[in-house]
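Novice: Those protein sequences? They're chains A and B, same order as listed. For the first sequence, the residue numbers in my numbering are 1053 to 1276. For the second sequence, the residue numbers in my numbering are 1053 to 1276. Beta carbons are placed, not taken as given, at the ideal position from N, Cα and C, and that holds for glycine. Here the structure is a predicted model, which is why all the values come from computation and not from measurement. There's a structure below that I have some questions on.
There are 2 protein chains.
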Amino acid sequence: MYVTIPSDHTMAESTAILAATTPSAPQAQLKRGAYLFFEGDDVEWLYQVKSGVLRLTRLLEDGRRQVIAFGYPGDVVGFPSDGKHHTDCDVLVSARLQPFRRAMLESGEGDPVLHAALLQAALREISAMQDHFMMLGRKSAVEKVASFLSVLDERVGQDQGQYRQVTLPMCRGDIADFLGLTTETVSRTLTQLRKSKIIAIENIQTVVILRPTALLGLSMGDRG
Amino acid sequence: MYVTIPSDHTMAESTAILAATTPSAPQAQLKRGAYLFFEGDDVEWLYQVKSGVLRLTRLLEDGRRQVIAFGYPGDVVGFPSDGKHHTDCDVLVSARLQPFRRAMLESGEGDPVLHAALLQAALREISAMQDHFMMLGRKSAVEKVASFLSVLDERVGQDQGQYRQVTLPMCRGDIADFLGLTTETVSRTLTQLRKSKIIAIENIQTVVILRPTALLGLSMGDRG
DNA sequence: CGCACTCTGTTACAAAACGTTACACTTTAA
DNA sequence: TTAAAGTGTAACGTTTTGTAACAGAGTGCG
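See below:
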């Protein structure tokens, strides 16, 4: 999951699953904290997330970290480049995963439909990352956090009576490293949104969206 | 071209051209200022840059702009998502382009070798964009500009007697929008690098790298 | 059970980085 | 030649970060 510019097809497309195909391996179940792969590993499998949440990260030698993406249901992770993984990937919320052999993407032997579906997933990935560029490069802290919450709401928000509610399985540091901010700034910004009554923070992992329109406005550059 | 973490294979890989294949269209020659496509256009062709430089951009409604990438020889541009372009693309330096039908990527009918090569280009694109995330999200102004010059040097730098020399066909505003800075900051940072004798600015489009190691150091977080 | 300890998150204040504004200068195009 | 666009530089302002202190939740241990 990246922070993309809102669009109605986003969810439908990305969760359109590679379902009607012959899997080459049974689904795998992984617990919180487990690692799927590390940067530099040879790619054997791609994975489509069926349930749970993954985290993809890159590290700089001096310890700085960038969270590249969160893997939500429907997302495909593990695209190879030169046959290798270029991120670490671990499990944030215990996940069910559908593995696909790397060859299914790269040569498509056997199943052209699956091959095409994985290719389309890669192409969508490129487009989503382009959107995320705009966010990392050109948005303010408030816009970033507001965008993040909006996208998460659109993608996995739940109805909670009058309002909608978003669960944040990642810690503040993960959000910061995803949005290019510090944990303090993420924390301060959430407080600011709470004080403007745009969100409520029910508990540390649960945000209630009180004014979705205001949030969306902030994410696109309206003044607070 | 993205600002990726330096690696010896970068150039060899990306300029490894889709050469030994049957082109489905003759090469095209485009002049500075010409547009290849706009955001929202249906994708008919992908293009591999043979010579010249392209610029891929995205716009926000309020006018903020992100330069997504520069297209240098070897790069492939125009990957579709949902069949559409998601950036604008225009010509910075008059370019020779090899067009490939979109179907060559998406269905591969006719030429499996070409299909595989285009797919690999897309996968490399994903990896390069991940590196660029790190840069946009986690690097300071000096690190960004130093990284930019280092990558450009590695990719298209020319020998100039004792030193190496880089041509910047894009204006300061383009560099700024690529790195997530303002033109002033780009300008100040270049001045700063010039005053520390790490680069010399021969003319507005030509930078001489006096101390490549120092530049690389700065790009990875050493103090100035 | 209570206690110290760690980890995460929050807040306040100071500091740094970067952006904004303004203006001079150069180059390019009309 | 003049206007327009692009660039360089400086002073100033804003945003974001860094630092530090503290609160609360969870954990291990006596």
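1) Shorter than 8 Å from the beta carbon of A/T1139 to some beta carbon of chain B?
2) May I ask you to report which of helix, strand or coil DSSP gives B/H1061?
3) Excluding the 5 residues flanking A/D1036 on each side, which residues of the same chain have their C-beta closer than 8 Å to its C-beta?
4) Which residues in chain A sit within 9 Å of B/T1125, going by Cβ to Cβ distance?
5) Quick one, which of B/L1242, B/L1233, B/T1237, B/Q1214 has its alpha-carbon nearest B/L1220's?
6) Indicate whether A/H1137 and A/E1177 have their beta-carbon atoms separated by less than 8 Å.
7) Listed in chain order, which residues of the region 1199 to 1228 of chain B have Cβ atoms closer than 7 Å to some Cβ of chain A?
8) Considering only the alpha carbon of each residue, which of A/S1133, A/V1128, A/V1145, A/T1237 lies closest to A/K1083?
9) Taking any Cβ of chain A, which residues in the region 1175 to 1186 of chain B have a Cβ under 9 Å from it, in chain order?
10) Taking all protein chains shown into account, decide if A/K1191 is buried (16 or more other Cβ within 10 angstroms of its Cβ) or exposed.
11) Under 8 Å, CB to CB, which of the residues in the region 1101 to 1119 of chain A have a partner in chain B?
12) For A/V1165, does the count of other Cβ atoms within 10 angstroms reach 16, so buried, or fall short, so exposed?
13) Taking DSSP's pairing of strands, which residues face A/F1152 in a bridge?
14) Taking only the alpha-carbon atoms, compute the straight-line gap between B/L1231 and B/G1269 and give it to the nearest angstrom.
15) Closest to B/S1179 by CA distance: which of A/T1109, A/T1258, A/P1078, A/V1055 is it?
16) Under 8 Å Cβ-Cβ, which residues of chain A neighbour B/P1132?
17) How about A/A1147 and A/G1104: are their beta carbons less than 8 Å apart?
18) Which residues in chain A sit within 9 Å of B/G1232, going by Cβ to Cβ distance?
19) Do A/I1251 and A/V1260 have their C-beta atoms closer together than 8 Å?
Specialist: Quick look at the numbers:
1) Here residue 1139 of chain A refers to the residue found at position 87 of the first sequence. Interface with chain B (8 Å Cβ-Cβ cutoff): A/T1139 is included.
2) By 1-based counting over the second sequence, the position of residue 1061 of chain B is 9. In this prediction, B/H1061 has a pLDDT of 44, which is less than 50 and means its spatial position is unreliable; what the coordinates show is noted afterwards. B/H1061: helix per DSSP, three-state reduction.
3) Outside the displayed range of chain A (1053 to 1276) lies residue 1036 of chain A, so it cannot be described from this structure.
4) Residue mapping note: residue 1125 of chain B aligns to position 73 of the second sequence, counting from 1. A small fix is needed here, since residue 1125 of chain B is Pro in this sequence, not Thr. Neighbours of B/P1125 on chain A: none; closest Cβ ~20 Å, over 9 Å.
5) Counted from its first residue, the second sequence places residue 1220 of chain B at position 168. Considering only alpha carbons, the answer is B/L1242.
6) Within the first sequence, numbered from 1, the residue matching residue 1137 of chain A stands at position 85. Within the first sequence, numbered from 1, the residue matching residue 1177 of chain A stands at position 125. Cβ atoms of A/H1137 and A/E1177: not closer than 8 Å.
7) Flagged: no residues at all.
8) As a working note, residue 1083 of chain A is residue 31 in the first sequence. Ranking A/S1133, A/V1128, A/V1145, A/T1237 by Cα distance to A/K1083 puts A/V1145 first.
9) For the region 1175 to 1186 of chain B, which is checked against every Cβ of chain A, the residues closer than 9 Å are L1175, R1176, E1177, I1178, S1179, A1180, M1181, Q1182, D1183, H1184, F1185, M1186.
10) Translated into positions along the first sequence, residue 1191 of chain A becomes position 139. Around the beta carbon of A/K1191, 16 or more other beta carbons sit within 10 angstroms, so the residue counts as buried.
11) Taken in chain order, the members of the region 1101 to 1119 of chain A whose beta-carbon sits within less than 8 Å of a beta-carbon on chain B are R1110, L1112, E1113, D1114, R1116, R1117, Q1118.
12) In the first sequence, counting from the first residue as 1, residue 1165 of chain A sits at position 113. Burial call: exposed.
13) By 1-based counting over the first sequence, the position of residue 1152 of chain A is 100. DSSP, once it has assigned bridges, lists A/L1098 as partnering A/F1152.
14) The residue given as residue 1231 of chain B occupies position 179 in the second sequence. The residue given as residue 1269 of chain B occupies position 217 in the second sequence. One Cα belongs to B/L1231, the other to B/G1269, and the distance between them is close to 18 Å.
15) Within the second sequence, numbered from 1, the residue matching residue 1179 of chain B stands at position 127. Comparing alpha-carbon positions, the option among A/T1109, A/T1258, A/P1078, A/V1055 lying closest to B/S1179 turns out to be A/T1109.
16) Taking the second sequence and counting its residues from 1, one reaches residue 1132 of chain B at position 80. Those within 8 Å of B/P1132 in chain A are L1175.
17) Along the first sequence, read from residue 1 onward, the residue named residue 1147 of chain A stands at position 95. Along the first sequence, read from residue 1 onward, the residue named residue 1104 of chain A stands at position 52. In contact: A/A1147 and A/G1104 (Cβ atoms closer than 8 Å).
18) Here residue 1232 of chain B refers to the residue found at position 180 when the second sequence is read from its first residue. F1185, L1188, G1189, R1190, G1232, listed in chain order.
19) Sequence index remark: in the first sequence, residue 1251 of chain A carries index 199 (1-based). Sequence index remark: in the first sequence, residue 1260 of chain A carries index 208 (1-based). Cβ distance < 8 Å, so A/I1251 and A/V1260 count as in contact.
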